[in-house]
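Quick note on numbering: the sequence shown equals residues 316 to 660 in this note's numbering. Some notes on the structure that comes next.
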Amino acid sequence: MDIKKYIIEKSKELDIDIIGFTDSSPLLNIKDYIKYRKDNNIQSEFEEKDLQKRIDPKCTFKDCKSIIVIGISYNVDFRPGEGIKLKGSLSKSSWGIDYHRVLRKKMEELIKEIERIIDFKYEYFVDTGPMIDRELARKAGVGYYGKNCSIINKEYGSFIFLGYILSDLDIETNSYSTIEDCGDCQICLKSCPTGALEGPYKLNPKKCISYLTQTKDIIPEELRKKMGINIYGCDTCQSVCPKNKGVKLSRHKEFLPIDTKGVIDIEEIFIMSNRQFKEKYGSMSGSWRGKNILKRNAIIALGNMKSKDNIQLLYKEESKDNPALKQYIKWSISNILSKKSQDNK
């Protein structure tokens with residue numbers, strides 16, 4: 316039996332949008348870039364720090380012979396935020412059920428189907444493994460790098476989640492092209508609010524709003540102003556990308572907002588107990604950093620709205636005496652008052 320053909324057919328039955336295959340050779344193509352990021356202190360806190368683990372699958376799974384990479388679109392058709400007065404933005408990736416759970420289930424189902432015809436050893440990961448899933452996806456023919464460092468698939472664009480299975484199966488790998496398809500376009504580079512895209516295919520995660528909304532480090536004041544009303548994640552560089560126009564929309568209802576309307580109700584999150592937060596947002600991808608981080612981002616968003624109507628809300632939050640949030644509350648109030656004084660001149 317042609318194992319590769321069998322896996323492709325089963326992936327279709329399981330509603331896996333994209334599948335690709337690659338070998339277990341090290342990802343030497345990006346070794347220098349990883350070293351550059353490390354030497355210039357622009358690695359994110361979420362990255363594996365061991366270079367070999369990042370590029371060599373056999374450091375994670377010594378019996379690895381092939382890698383199966385899957386992609387699932389989360390580009391659902393939904394208009395967020397209708398009916399909510401004071402709202403903060405959530406990236407599409409955080410709207411629905413935690414994608415880690417969704418993709419793990421898909422890969423577990425695929426693994427069971429493979430085990431029906433052959434015994435094999437494997438390990439699988441969704442966003443939590445040491446390797447660079449985007450490079451594995453490129454190598455497996457799932458897509459190519461956009462200048463915003465996202466993987467772009469010709470059918471589904473870049474709003475795709477990635478997962479991979481390291482296996483000891485001998486599978487014919489995909490032939491792939493390293494030719495990018497962005498041409499002279501620089502829309503994403505020009506649109507990034509913080510300048511995190513420091514050049515084509517060069518992302519500084521420490522300036523990226525998606526990273527800033529997740530980090531527990533102190534956010535520099537000059538970057539707070541550029542975060543806008545983003546509470547979790549940022550879709551700007553993908554939303555403006557021409558390659559995301561006219562692509563197939565996601566058929567996966569799991570990624571539709573559950574009861575959040577695709578935004579954070581800022582007034583609500585300020586009065587929520589931890590239990591209420593978990594009940595409403597606990598299954599959402601964006602909840603993994605906890606309520607305090609989202610509240611911090613909501614406070615920054617209020618400061619960036621620069622409406623005097625928000626000052627009382629901030630003062631009320633300040634009275635709760637939360638040391639982790641105090642400096643952000645003071646900054647937001649100052650930002651609003653600064654706007655007021657300019658308006659009164």
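Glycine included, each C-beta is placed from N, C-alpha and C at the ideal position. All values derive from a computational prediction rather than experimental measurement.
The C-alpha of Lys420 lies about 16 Å from the C-alpha of Ile322. Here Glu632 is buried. Its C-beta has 16 or more other C-beta atoms within 10 Å. In this structure, Phe376 lies away from Leu477, with their beta-carbon atoms at least 8 Å apart.
The region 326-360 is shown to contain whole beta strand (DSSP E) runs of 3 or more residues at 333-338, in chain order. Per DSSP, reduced to three states, the secondary structure at Lys402 is strand.
Taking the Cα of Ser339 as reference, the smallest distance to any Cα among Lys368, Asp332, Asn356 and Lys635 is reached at Lys368. Annotation: Glu450 to Ala639 spans about 36 Å, alpha carbon to alpha carbon.
No Cβ-Cβ contact shorter than 8 Å links Val417 with Gly472. Taking the Cα positions, Lys350 is about 10 Å away from Asn356. Under DSSP, Gly472 forms a beta bridge with Asn468. Lys373 and Leu366 have their C-alpha atoms some 13 Å from each other.
Under a 10 Å Cβ-count criterion, Gly510 is classified as exposed, with fewer than 16 other Cβ atoms of the shown protein chains found around its own Cβ. Taken atom to atom, the span from the alpha-carbon of Ile626 to that of Gln642 is near 15 Å. In this structure Ile447 is in contact with Ile345, their Cβ atoms being roughly 7 Å apart against a cut-off of 8 Å. Look at Phe592 here: in three-state DSSP terms it is helix.
In the three-state DSSP reduction, Tyr459 falls in the strand class (E or B). Under the rule that a run must span 3 or more residues, the beta strand (DSSP E) segments found entirely inside the region 507-556 read 512-514 and 545-547. Counting only runs of 4 or more residues that sit fully inside the region 569-657, the alpha helix (DSSP H) segments are 581-586, 589-596, 606-620 and 626-633, in chain order.
By the C-beta criterion, the region 527-540 is judged not to be in contact with the region 376-393, since fewer than 3 inter-stretch pairs fall below 8 Å. Three or more beta-carbon pairs drawn from the region 600-620 and the region 536-550 are found closer than 8 Å, and the two stretches are therefore classed as touching.
Look at Ser388 here: in three-state DSSP terms it is strand. Lys402 and Tyr516 have their alpha carbons spaced roughly 32 Å apart. For Ser565, the three-state secondary structure derived from DSSP is coil.
Between Ser598 and the set Lys645, Lys364 and Asp574, the nearest pair of CA atoms involves Asp574. Distance from the CA of Asp550 to the CA of Met316, rounded to the nearest whole angstrom, comes to 43 Å.
As the crow flies, the alpha-carbon of Val578 is around 5 Å from that of Ser404. Going by DSSP, Glu424 is part of the alpha helix (DSSP H) stretching over Tyr414 to Glu430. Here Leu484 carries a coil assignment [DSSP, helix/strand/coil].
A distance below 7 Å between beta-carbons, with the five flanking residues on each side excluded, links Ser506 to the following residues of its chain, in chain order: Thr551, Cys552 and Val555.
In the three-state reduction of the DSSP assignment, Ile322 falls in the helix class, which pools H, G and I.
One thing to note: Leu425 has its Cβ within 8 Å of the Cβ of Leu329. Looking at Asp636, Arg611 and Ser634, the one whose alpha-carbon comes closest to that of Ser647 is Arg611.
Closest in alpha carbon position to Phe440, among Met422, Ala455 and Ile331, is Met422. Assignment of beta-bridge partners to Leu477 by DSSP yields Gly386. Following the DSSP letters along the chain, one finds Glu438 inside the beta strand (DSSP E) bounded by residues Tyr437 to Phe440.
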